[in-house]
Amino acid sequence: MIRVAAVGDIHMGPDTRGVLRPAFDTLPDCADVLLLAGDLTRHGTTDEARVVADEIRGLGVPVVAVLGNHDHHDDRQDEVSGLLRDAGAHVLEGEATVLSVGDARVGVAGTKGFGGGFVGASAGEFGEPVMKEFVRVSRRCADGLRTALERLAEEDCDVRIALTHYSPVPETLAGEPPEIYPFLGSYLLAEAIDTAGADLAVHGHAHAGSEHGMTTGGVKVRNVAQPVIGRAFHVYHLPLRERVGADAGTPAG
Amino acid sequence: MNTHDAGPAGGAPPAGPEYRVAHLQDRLASGELGELGVHAEVRGGAVLVTGTVPSARCRDEVLAVVREELGGLDVHTDVVVSESSSPDHAEELS
Ligand SMILES: [Fe+2]
Ligand SMILES: [Fe+2]
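Protein chains in written order, with this note's numbering: chain P, 1 to 253; chain A, 1 to 94.
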């Protein structure tokens, strides 16, 4: 079993320095990895990123993060990523990382993702340049996620997790006004997850959404925005699949 | 609750609170707060402001902006600070 701790939308700033650390210090007892699902800062400033970096430095479990829209606000996303990396985090954008947990290999593929909406009510790449660019950015993020998940499949991971900020499914947005769903996620992310395969998808961004959802391909989705889970993080226990060649093989699904 | 007497009366009605609520939401999102987690909506004759924010200071700032933007309106607020304790259980995924 792999124990995955996750939280998003911690939106830290100088006035919340240290508030998550007592809870984070309990991670080695209850989790093998901490996933951060973006919106780690309020405005994406380097001052705020330093607060986040100090909060996660030397936690005793590996930390894997994606950035959120707030982390882009000050247009210093590369510096924000750099500060988090200096603190030991893996920061993913269309990339994957493989962590060793005991004998198991845990793969995490990540992207911020973007909006565009869901099947039946989604934006198309048509019309004004800014509208086309909106959809293209969303597609680029989803393509990056798919490629990263496929790379993990080749690397023979025991568990594969898709980590995004924007939501791949509408279910975990329940509680948000339906009118803003196109700004909260994109079906392209779910399509990438279902095409490449994953054991769990984790996202944030929808502060008023719901924790539980599933892609049409049957991949469990969890919205871990801190206001949704009402904790410093939530922990998910993922079973390890039987290795190929072992008997009592479990059917896929 | 529904009101039975609601409905457009003759003549130009005074502008409702909707635009002011929209401006509030704009200001919360784009102002120095960058607060997208607070939701304001008109319900009945009042404005309901709800959300979860990262700190008590953020909460105070949000409420100050709300007072400024919605002065004179009947406003109900339910803005809480994020809970930062450890979880007491894990979810088993099959
Ligand atoms: Fe957020
Ligand atoms: Fe966000």
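In this text, a Cβ means the ideal position worked out from N, Cα and C, and glycines have one as well. All values reported here derive from a predicted model rather than from experimental measurement.
Sequence-distant residues of the same chain with beta carbon closer than 8 Å to L240/P, five excluded per side: Within the same chain, and ignoring the five residues on either side of L240/P in sequence, the residues whose Cβ sits closer than 8 Å to its Cβ are M1, I2, A104, D158, V159.
Among T50/A, S94/A, E83/A, H76/A, nearest to R21/P - alpha-carbon criterion: For R21/P, the nearest C-alpha among the options comes from E83/A.
6 Å CB neighbourhood of A23/P in its chain, flanking five on each side removed: A232
D74/P: CB within 7 Å of a non-hydrogen atom of ligand 1: no
Length of the line joining the Cα atoms of A5/P and S86/A: Cα to Cα, A5/P sits roughly 10 Å from S86/A.
Alpha-carbon to alpha-carbon, D60/A and D78/P: 31 Å
Residues near D71/P by beta carbon distance below 7 Å, same chain, minus five either side: G38, D39, L40, T41, G44, Q77, V80
Below-8 Å beta-carbon distance, A40/A vs any chain C residue: Annotation note: the requested chain C is absent from the structure, which comprises protein chains P and A.
Residue span of the beta strand (DSSP E) that contains G110/P, given as start and end: 104-111
Cβ-heavy atom distance, N69/P to ligand 2, below 7 Å: yes
G110/P vs S138/P beta-carbon contact at 8 Å: S138/P sits away from G110/P, with the two beta carbons spaced by 8 Å or more.
Supposed contact pair V108/P and L36/P - C-beta distance, whole angstroms, cut 8 Å: Going by Cβ atoms, the distance from L36/P to V108/P rounds to 11 Å, so no, they are not a contact pair.
Minimum Cβ-Cβ distance from P87/A to chain P less than 8 Å: yes
Short CB-CB distance (under 8 Å) between A90/A and chain P: So yes, A90/A belongs to the interface.
Chain P contact for L24/A (CB, 8 Å cutoff): It does not; no Cβ of chain P falls within 8 Å.
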